[in-house]
Structures are given as structure tokens and as C-alpha cells.
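Single-structure report; data block below.
Numbering (the numbering used here), first residue to last: 61 to 427.
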């Protein structure tokens with residue numbers, strides 16, 4: 061038995077849902093989900109610690125002993141915890157509902173009222189999660205088969221035949237979204253001592269201009285191609301909207317540097333980082349879905365402010381959670397460069413103060 065983590069997006073987790081079952085439908089029966097509330101934001105990342113996991117499967121005898129919530133994918137990559145939940149009393153754990161109503165290959169329900177937040181998180185009662193399922197739309201009710209063959213890595217190939225136990229491989233739904241947390245798109249020009257260069261032409265060891273520390277060498281750079289839809293659709297920042305010389309396309313959670321007296325007046329910081337998705341105004345900054353997009357990660361020794369199309373923006377944060385945002389091969393490569401990430405606690409400081417969604421809205425409306 062091992063201890064594992066379940067990673068799920070906030071839009072796939074409900075509290076106090078009305079749960080029904082139909083033993084005669086679907087594959088091995090179906091759970092029927094109605095009503096309920098979203099305790100966290102739809103793009104929050106929830107990480108649930110589970111003990112007694114058998115060969116990657118959560119069973120009725122597994123124990124849920126903790127939970128961390130991150131405000132978005134970028135916060136998860138950067139190790140910035142929003143809420144931390146632990147047992148109310150030492151030795152307690154959240155019980156898993158081990159029948160059709162609470163345990164299937166792609167869904168899990170547990171009694172969360174024994175888990176309490178140490179930092180102001182909402183109280184939880186009876187939680188159900190279904191990675192990759194949109195639980196914000198429950199009319200008609202959501203129906204999920206008890207047994208479902210699962211694709212552990214999202215490559216379209218079934219790795220496990222359905223047996224009714226929750227599969228840790230379901231994490232790939234959230235990790236695909238997290239993978240696009242802090243990325244530039246192919247064709248973006250990055251400012252270097254040699255002049256602007258396309259990001260796809262850069263390699264480890266190349267120097268890139270940074271705002272705080274001058275030219276810095278790239279320690280690692282990688283890319284992945286994904287469908288440009290939903291949470292993975294890029295944000296297009298039209299030329300001039302943020303001082304950029306050309307149109308700039310970044311991942312939704314990629315944070316842009318905003319500077320000015322209004323930020324200092326509101327938040328006590330002249331420079332602030334704001335996720336691109338919080339700047340969307342449907343005119344000069346908008347989401348652009350459709351087709352596919354190639355996203356690039358760029359990693360330095362520390363979190364840096366670089367210039368993309370002459371616009372200041374962030375690099376990938378070198379924290380422990382960044383390892384989850386890349387492929388297995390890239391993870392191994394990064395650990396060779398940064399072996400300390402295998403045990404790091406992700407407490408390295410960000411290059412600038414990051415605004416929450418509501419803070420970003422306040423700044424945009426004030427400006």
C-alpha cells in the first residue's frame with residue numbers, strides 16, 4: 061500500500077450533492093449526481109492525499125488524510141497554497157463511500173467533515189469528485205458509469221480495464237490543464253542580448269534578458285502541443301494592449317507584469333503579476349480557441365521577469381510543483397538539473413506580488 065495524491069480541478073468537485081444510483085444501467089451501474097455546491101473556484105487545483113492506495117487504485121479501505129487547494133494552475137505550479145485541510149483530531153481520516161454511490165473508476169465520494177482548514181477555507185461535508193467531468197452543469201443530472209476503462213496518461217490508449225475502484229491515473233485531466241500554466245506559444249519573440257528571437261529557436265544555455273538580473277541562461281526549455289480549447293485555449297493580447305509590439309499569445313494562467321501608480325495605491329506594490337485570463341476584455345485581450353497550439357515552458361535558476369514581444373512577463377517558476385506541469389521525460393531532465401526539486405517545499409519567492417482574480421478585476425476597473 062502506498063500514499064498517493066489525487067489532483068482535480070475545482071469545476072469537477074462538489075459538496076453536498078444529491079447522489080442517486082441506478083444498478084441496472086451503464087457499465088456495472090451508474091451514479092447520478094444532482095445539485096450540490098462548488099466549494100472552490102472552477103479553476104482552483106485541489107490536491108487530496110490518500111493513504112492505503114493499492115497499485116494506483118483507491119478502494120473503500122483507502123484513507124483520505126489531507127487536502128490542499130491552490131487558487132489556479134499557476135499557483136499550483138508555484139507552490140502557493142490557498143487552503144490547507146487536515147484531520148480535526150490526530151489519527152482521523154475521511155471515510156470513502158465504498159459502494160456504487162461513492163466509488164467508481166472515475167469518481168470518488170468521501171465524508172470530508174473531519175477535514176478542517178487551518179487558513180480560512182470553507183467547511184466541507186460530503187464531497188464527490190469526478191476528474192474531467194464538468195460538475196458546474198447538472199441539468200440534466202450527470203451520470204457516470206461505475207466501471208470505466210481508463211487512460212492513465214491521456215494518450216488515447218487504455219491502460220486499465222474498469223474494475224470499480226478509483227484510478228489515480230485520472231489525474232491526467234487536471235495535469236493537462238496545469239501543463240499550460242505558464243507558457244508562451246510558438247512564434248513568440250523573446251528579448252535576448254542578440255535581439256528578439258523566436259522561442260522555438262531558443263535552447264538551454266542561451267541568454268535571455270531579464271528585468272531584475274540582466275542576461276540569464278535558460279536552464280531548461282520544453283514544449284507540448286495540445287488542443288486549443290476550453291481551459292487550454294490561449295489568450296491573445298493585441299499589439300499595444302500591454303506595451304507589446306506584436307500580438308502576443310500566452311496560456312491563460314501565464315502572468316503578465318503590470319506596473320503603475322494605481323497598482324501601488326491599491327496593493328502597495330508598483331509591479332504586480334496578473335494572469336492573462338484575468339485581463340480578458342473581449343476586445344484587445346481575448347480568448348482564442350480552435351485547432352491546436354504549441355506551448356513552451358522556459359525555466360531559469362529562479363523566477364524571472366522576461367520580455368515577450370517587448371512585454372514583461374514571467375518565466376516558469378522553479379518549484380517542486382513545476383515538475384507536475386511537464387511530461388515524464390521532461391521531469392526526469394529537470395531533476396537532473398535541479399535535483400533539489402525532488403524534496404523542495406516550493407517556498408522560493410515569486411519575482412513579484414501576484415494578484416488574485418478579484419484583485420485583478422479591481423485594478424482593471426480602476427485603470
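Heads up, the beta-carbon is just placed ideally off N, CA and C, and yes, glycines get one too.
Taking the alpha carbon of residue i as the reference point, which residue from the options has its own alpha carbon closest?
i	options	result
residue 237	420, 318, 92 and 314	314
residue 151	135, 97, 133 and 174	174
residue 193	223, 354 and 232	232
residue 372	111, 418, 331 and 100	331
residue 375	301, 316, 261 and 195	316
residue 293	327, 234, 262 and 354	354
residue 77	195, 348 and 388	195
residue 184	164, 148, 159 and 209	148
residue 302	336, 99 and 61	336
residue 272	362, 322, 284 and 307	362
residue 281	259, 299 and 290	259
residue 119	61, 395 and 181	61
residue 418	65, 101 and 177	101
residue 390	283, 348 and 84	283
residue 71	263, 291, 422 and 139	291
residue 264	399, 83, 423 and 393	393
residue 140	395, 306 and 409	409
residue 146	396, 104 and 181	181
residue 65	87, 99, 113 and 274	113
residue 176	103, 163, 125 and 208	125
residue 398	415, 377 and 416	377
residue 117	199, 131, 163 and 348	163
If contacts are defined as beta-carbon pairs under 8 Å, then residue i and residue j qualify, I think. What distance do you get, rounded to the angstrom?
i	j	result
residue 364	residue 276	6 Å
residue 187	residue 169	7 Å
residue 296	residue 279	Going by Cβ atoms, the distance from residue 296 to residue 279 rounds to 28 Å, so no, they are not a contact pair.
residue 63	residue 110	7 Å
residue 161	residue 123	Incorrect: roughly 19 Å between the Cβ atoms, too far for contact.
residue 90	residue 81	7 Å
residue 318	residue 334	6 Å
residue 210	residue 369	No, residue 210 and residue 369 are not in contact; Cβ-Cβ is about 41 Å, not under 8 Å.
residue 305	residue 422	Between residue 422 and residue 305 the Cβ distance is about 28 Å, and since that is not below 8 Å, they are no contact.
Looking only at DSSP bridge pairs, what is residue i linked to?
i	result
residue 337	BP columns for residue 337 are empty, so no partner.
residue 367	372
residue 106	68 and 129
residue 78	94
residue 316	334 and 373
residue 123	111
residue 144	128
residue 256	251
residue 210	220
residue 167	164
residue 310	244 and 295
residue 413	332
residue 62	113
residue 193	Paired residues: none, contrary to the question.
residue 118	226
Taking 6 Å as the cut-off, is the CB of residue i close to at least one heavy atom of the ligand PLP?
i	result
residue 297	Ligands are entirely absent from the displayed structure, and the ligand PLP is therefore not among its contents.
At which residues does the beta strand (DSSP E) containing residue i begin and terminate?
i	result
residue 355	352-359
residue 287	280-287
residue 276	274-277
residue 249	249-252
residue 205	202-205
residue 187	186-189
residue 175	175-177
residue 228	Here residue 228 belongs to no beta strand (DSSP E), and DSSP marks it neither H nor E.
residue 347	345-347
Is the Cβ-Cβ distance between residue i and residue j less than 7 Å?
i	j	result
residue 229	residue 206	no
residue 367	residue 251	yes
residue 351	residue 288	yes
residue 129	residue 106	yes
residue 96	residue 74	yes
residue 167	residue 190	yes
residue 69	residue 234	yes
residue 227	residue 159	no
residue 267	residue 253	yes
residue 245	residue 298	no
residue 322	residue 411	no
residue 311	residue 243	yes
residue 201	residue 79	no
residue 338	residue 420	yes
Would residue i pass as an interface residue toward chain D - the criterion being a Cβ-Cβ separation below 7 Å?
i	result
residue 426	You won't find chain D in this structure, because it holds only one protein chain.
The alpha helix (DSSP H) spanning residue i covers which residue range?
i	result
residue 269	First-last for residue 269: 267-270, but that is the beta strand (DSSP E), not the alpha helix (DSSP H).
residue 327	321-327
residue 156	Per DSSP, residue 156 belongs to no alpha helix (DSSP H) and is neither H nor E.
residue 395	388-397
residue 423	417-426
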